[in-house]
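Take a look at the structure set out below.
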Amino acid sequence: MTTTDDAPPAVRSAGLDRAWATPPGIMGWLSNVNHKAIGLRFIVTAFVFMLIGGAQAALIRTQLIGPEQGFLGPDAYNEAFTLHGTTMMFLFAVPMLEGLAMYLVPLMIGSRDLPFPRLNAFGYWLFLFGGLFLYSSLVTGSVPDGGWFNYPPLSGPQFRPDTSIDFWLLGVTMTEIVGIIGALELVVCIARHRAPGMSLNRIPVFVWGVLVSSVMILFAFPPLVTGSLLLELDRKIGTHFYNSVAGGDPILWQHLFWIFGHPEVYIMLIPAVGMVATMVPTFTRRGIVGYPLVVVSLVAIGFISFGLWVHHMFAAGLPALATAFFTAASMAIAIPSGVQIFSLIATLWRGKLVWSTPLLYIVGFVLVFVLGGITGVMVASVAFDWQVHDTFFVVAHFHYVLLGGVVLPILGGLHYWFPKLTGRMLDERLGKIAFWLIFGGMNLTFFPQHILGFLGMARRVYTYQSGLGWDFYNFVSTLGTYVTVAGFLVYTANIAVNWSRGRPAGDNPWDAPGLEWATSSPAPPYNFAAMPTVSSLYPLWEPEGAAPHGQPGLLDDVEGERREIVGTTILDAEAIEILELPGNTLWPLIAALAIILFLFAVMIDSIVLGVVGLGAVVGSLAGWLWTGSEQRHE
Amino acid sequence: MSVQVDAALLRRQGVGEPRRRPPVWLGLLLGLGAIATILASLIFSYFMLMFHGSEWPPDGIRRPALGTPAIGLSVLVASAVPILLAGRAIGAGRQRDLRLWLAAATVLGAVVLGMQARGYAALGFAHDVNAYTSLFVTLSAFHTINLVTALIFNLATQARAWLGHFSAEYHEGVRLAALWWYWAVASGVVLFATLFLGPLLDPAVQ
Chain A
451 MTTTDDAPPA VRSAGLDRAW ATPPGIMGWL SNVNHKAIGL RFIVTAFVFM LIGGAQAALI
511 RTQLIGPEQG FLGPDAYNEA FTLHGTTMMF LFAVPMLEGL AMYLVPLMIG SRDLPFPRLN
571 AFGYWLFLFG GLFLYSSLVT GSVPDGGWFN YPPLSGPQFR PDTSIDFWLL GVTMTEIVGI
631 IGALELVVCI ARHRAPGMSL NRIPVFVWGV LVSSVMILFA FPPLVTGSLL LELDRKIGTH
691 FYNSVAGGDP ILWQHLFWIF GHPEVYIMLI PAVGMVATMV PTFTRRGIVG YPLVVVSLVA
751 IGFISFGLWV HHMFAAGLPA LATAFFTAAS MAIAIPSGVQ IFSLIATLWR GKLVWSTPLL
811 YIVGFVLVFV LGGITGVMVA SVAFDWQVHD TFFVVAHFHY VLLGGVVLPI LGGLHYWFPK
871 LTGRMLDERL GKIAFWLIFG GMNLTFFPQH ILGFLGMARR VYTYQSGLGW DFYNFVSTLG
931 TYVTVAGFLV YTANIAVNWS RGRPAGDNPW DAPGLEWATS SPAPPYNFAA MPTVSSLYPL
991 WEPEGAAPHG QPGLLDDVEG ERREIVGTTI LDAEAIEILE LPGNTLWPLI AALAIILFLF
1051 AVMIDSIVLG VVGLGAVVGS LAGWLWTGSE QRHE
Chain B
277 MSVQVDAALL RRQGVGEPRR RPPVWLGLLL GLGAIATILA SLIFSYFMLM FHGSEWPPDG
337 IRRPALGTPA IGLSVLVASA VPILLAGRAI GAGRQRDLRL WLAAATVLGA VVLGMQARGY
397 AALGFAHDVN AYTSLFVTLS AFHTINLVTA LIFNLATQAR AWLGHFSAEY HEGVRLAALW
457 WYWAVASGVV LFATLFLGPL LDPAVQ
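So the protein lines, in turn, are chains A and B. The first sequence begins at 451 in this note's numbering and counts up one residue at a time. The second sequence begins at 277 in this note's numbering and counts up one residue at a time.
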């Protein structure tokens, strides 16, 4: 990284401070559009939803601790597993990963913000309100209970005439739209905002992962948006898309859901793998082995994952040719996944290991994800799938994949980037205790569930009789859940205690190679006083080193207090223009509130309120767009 | 090898010549990609349910007549021409031509919208008869919403054109409105093929 001139730094950053300042007080907070503020809000909100989803898991397992328990009862059990799955998939995993990406990607690629800061803020408000909207069903007593994949006809107007499923459909659709908005931002940011010199072969693996998963979101989420819209129309105005009596077909929902649902797994996994591959050099003191192969395999997984969805429908009675094709595709995706795992193992093998907490999570990821992957190859076979379909074997499989492939990397990543987010270090001892409790607890929870599946225990049934040989495994599984919960409590306490009182971190506490560590922790609103330039995949490990932040250089002066960044070309990251970003505004918040108003009008069938809400949506969007992209008309 | 970039040079370049497509253009293109996937999902639904049924349209509903919709489609496709010319006009700094062509596109778009409204009125069935009518109305409404959005976008762009917001160098707003307009045209062509030609693929039709 180099800079281009040598005027005194102090004078210049004052202008930057003014251009990028957020006014103090509540209005400043509400109107803030900076990627770090918004990203952090996503991370914190998603973390809270994760704790809520975890509590629901504990309720589920407590109900199953022994045969014929009456702790929850069938209805509450249905609601608990529905909310657990929905919360973890829609309100935790994707928002958490996008939040981390929103926070870290501009720092990692040497930019100052995301390309559409107001859209970003809008996404956060919509996410928050969408989550609250879904959970407001608890207040009405009409809680979604159709499972996280919400199959009709169970979720259709005939069998679920109350509002429970409407809360689910509208709430989930909002989080889907948030996902699409975030994906747009991130793709354009990675395409056009990279630091001069950061050509494709110098992009950190996490950023590659975010790019691939964001492109996937753009094409995977719309089918579910469509499916949900059609189901809501069936429920509200009497259409017949899923009504087999009038020419519709409930299997259509299964297709639309899983065309979303299977890529969704990889949408979560790919950035998580990227996170691990970006952390691993720091703790092995060497570059990742086979960087190009890792990147190519990420892209390959992105493509193949769109050809797998029918393996969720092997028991739905589809033609044998279709199931055979999807079996082959499901097995094929193990190949690029294997490339990544072997690359990580090779890097660990060849490196000098530094056993800090994030490395534990990295190794935990490899172990648990491999186990989940192996059972994945097993259920890819139709013959095997028919034996274990809808049993606890499948529950065990996907929890291994998601806890190992997504949650452990996220927890490790939060531990690793916590100093960048807060300027403070997490406690290493507490961090390790939390890891071992979570790692041990989750294995204790889910390993016995494989056996329960073989023994024929069906998922989504609120209790079971004794004498089936299931009691012991269920008991162990529930104990494991309690251990996991203890681990999460320690993890959360570690964050709570050290958020403002932890040991000051300094700029680069791990001696990491990535650009995000080239500025202060936390970074100033403009990230870099001078825009960095890059000549390596590991810029901070180059002999020339990185210029200390605050040193003068590219765009360290501001013209007319504009928020300026460098726009670069997609392939070679050649600087071609100076882009200006919009500043703080309340319009995104107002627009999100208007949308919520409209949705509530739909819920209570109020045409007047609906018209008011729709008018407010159009009005707020007009107010927002009027000051749109044409910042520099002259 | 280090990378040298001169900010002053970039600023001069930015002002001196028409800019390349800005990031927001790429953003809208990707957003349209997502919306096009919604369209693809709707069409998937249409054909999946069509091939499930024994007759299409079912329940004695007549196949939709091609005539008027085909004329509407021609007008819709023709409306892309003034949009193209509007972009060329502002690229050359001709403000008056910009306003003229945008207005011409609005007129053509409004004609199509009027024809669609008449089409709905003459439909002879509602959305809640069976899966076919549900699909027909929903897919048609999808296009109407796209077209109305394109018109609103276009009208706002005209207002800004009158206020002199655009120049030969900076006219992102015109580019974005044009992109949305092209989307409304393209999705109209695809939906016409689905709703009016699609039933001919039904094996029961001879």
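In this text, a Cβ means the ideal position worked out from N, Cα and C, and glycines have one as well. These figures come from a predicted structure and were not determined experimentally.
Under a Cβ-count criterion, where at least 16 other Cβ atoms within 10 Å of its own Cβ denotes burial, should residue i be classed as buried or exposed?
| i | result |
| --- | --- |
| P998/A | Note on P998/A: pLDDT 46, under 50, position unreliable in the model; the coordinate value appears next. With fewer than 16 other Cβ atoms within 10 Å, it is exposed. |
| M477/A | exposed |
| M875/A | buried |
| P993/A | exposed |
| V911/A | exposed |
| E548/A | buried |
| F753/A | exposed |
| Q704/A | buried |
| Q482/B | Because the pLDDT at Q482/B is just 45, under 50, the model does not fix this residue reliably, and the value given afterwards should be weighed accordingly. Classification for Q482/B: exposed. |
| V844/A | buried |
| I631/A | buried |
| D269/B | Nothing about residue 269/B can be reported from this structure: the residues present for chain B run from 277 to 482 only. |
| S350/B | exposed |
| P611/A | exposed |
| F468/B | buried |
Report back the beta-carbon spacing between residue i and residue j to the nearest angstrom; my notes put them in contact at under 8 Å.
| i | j | result |
| --- | --- | --- |
| V353/B | V465/B | 7 Å |
| A784/A | V739/A | Going by Cβ atoms, the distance from A784/A to V739/A rounds to 20 Å, so no, they are not a contact pair. |
| L514/A | T928/A | 6 Å |
| P565/A | E635/A | 6 Å |
| P646/A | E1024/A | 7 Å |
| F671/A | F710/A | 6 Å |
| L743/A | G724/A | The pair is not a contact, with the Cβ atoms about 14 Å apart (cut-off 8 Å). |
What are the boundary residues of the alpha helix (DSSP H) that residue i is part of?
| i | result |
| --- | --- |
| V820/A | 807-829 |
| L661/A | 655-687 |
| M781/A | 770-782 |
| D961/A | Unbroken run through D961/A: none, as it is neither H nor E. |
| V832/A | 832-838 |
| L1071/A | 1057-1076 |
| G400/B | Neither: G400/B is in no alpha helix (DSSP H) and is coded neither H nor E. |
| L506/A | For the sequence presented, residue 506/A should be read as Gln rather than Leu. Per DSSP, Q506/A belongs to the alpha helix (DSSP H) from 485-513. |
| T895/A | 878-904 |
| H847/A | 842-849 |
| A341/B | Careful: A341/B lies outside any alpha helix (DSSP H) and carries neither H nor E. |
Hey, could you find the ends of the beta strand (DSSP E) residue i is sitting in?
| i | result |
| --- | --- |
| V1016/A | 1013-1018 |
| I1028/A | 1025-1031 |
Using only CA atoms, which one of the options lies nearest to residue i?
| i | options | result |
| --- | --- | --- |
| N948/A | F896/A, A884/A, T872/A | T872/A |
| G504/A | G523/A, L743/A, T532/A | T532/A |
| S586/A | M1053/A, G1065/A, L1059/A, A1066/A | M1053/A |
| L557/A | L1047/A, G1065/A, A973/A | A973/A |
| V589/A | P602/A, F609/A, F617/A | F617/A |
| R296/B | G891/A, F579/A, H534/A, I1028/A | I1028/A |
| L794/A | L809/A, L918/A, S780/A, Y914/A | L809/A |
| P959/A | F978/A, L990/A, Y976/A | L990/A |
| Y601/A | V675/A, F707/A, L771/A | F707/A |
| M624/A | H900/A, L541/A, R562/A, K486/A | L541/A |
| L439/B | G390/B, R375/B, F468/B | R375/B |
| V804/A | R909/A, T732/A, A968/A, P654/A | T732/A |
| G930/A | Q915/A, L939/A, F896/A, F904/A | F896/A |
| P824/A | V1062/A, W967/A, G580/A, S780/A | Correcting the residue type first, residue 824/A is Ile in the shown sequence and not Pro. The residue with the shortest Cα to Cα distance from I824/A is S780/A. |
| G903/A | Q608/A, D835/A, V935/A | D835/A |
| G474/B | L415/B, N422/B, A379/B, V450/B | L415/B |
| G890/A | L905/A, Y811/A, L550/A, G956/A | Y811/A |
So residue i contacts chain D; which residues on that side make the cut at Cβ distance below 7 Å?
| i | result |
| --- | --- |
| V675/A | The structure shown contains no chain D; its protein chains are A and B. |
Given a limit of 9 Å on CB to CB distance, which residues of the stretch 447-464 of chain B reach chain A?
So the close ones are H447, E448, G449, L452.
Between the stretch 958-990 of chain A and chain B, which residues of the former have a C-beta closer than 9 Å to a C-beta of the latter?
Going along the stretch 958-990 of chain A in chain order, one finds M981, T983, V984, S985 with a Cβ nearer than 9 Å to chain B.
Name the residues in the stretch 853-881 of chain A whose C-beta lies less than 7 Å from a C-beta of chain B; which are they?
From the stretch 853-881 of chain A, no residue has a Cβ closer than 7 Å to chain B.
Give, in chain order, every residue of the stretch 510-524 of chain A whose Cβ lies closer than 7 Å to some Cβ of chain B.
So nothing in the stretch comes that close.
Beta carbons nearer than 7 Å to chain A: which residues of the stretch 323-338 of chain B have them?
Under the 7 Å Cβ criterion, the stretch 323-338 of chain B contributes M324, L325, H328, G329, P334.
Of the residues that make up the stretch 392-405 of chain B, which ones have a beta carbon closer than 7 Å to any beta carbon in chain A?
Those residues of the stretch 392-405 of chain B that come within reach of chain A (Cβ to Cβ, closer than 7 Å) are H403, D404.
Got a sec: which bits of the stretch 335-369 of chain B sit with their beta carbon under 9 Å from any beta carbon on chain A, in order along the chain?
The stretch 335-369 of chain B vs chain A, Cβ under 9 Å: D335.
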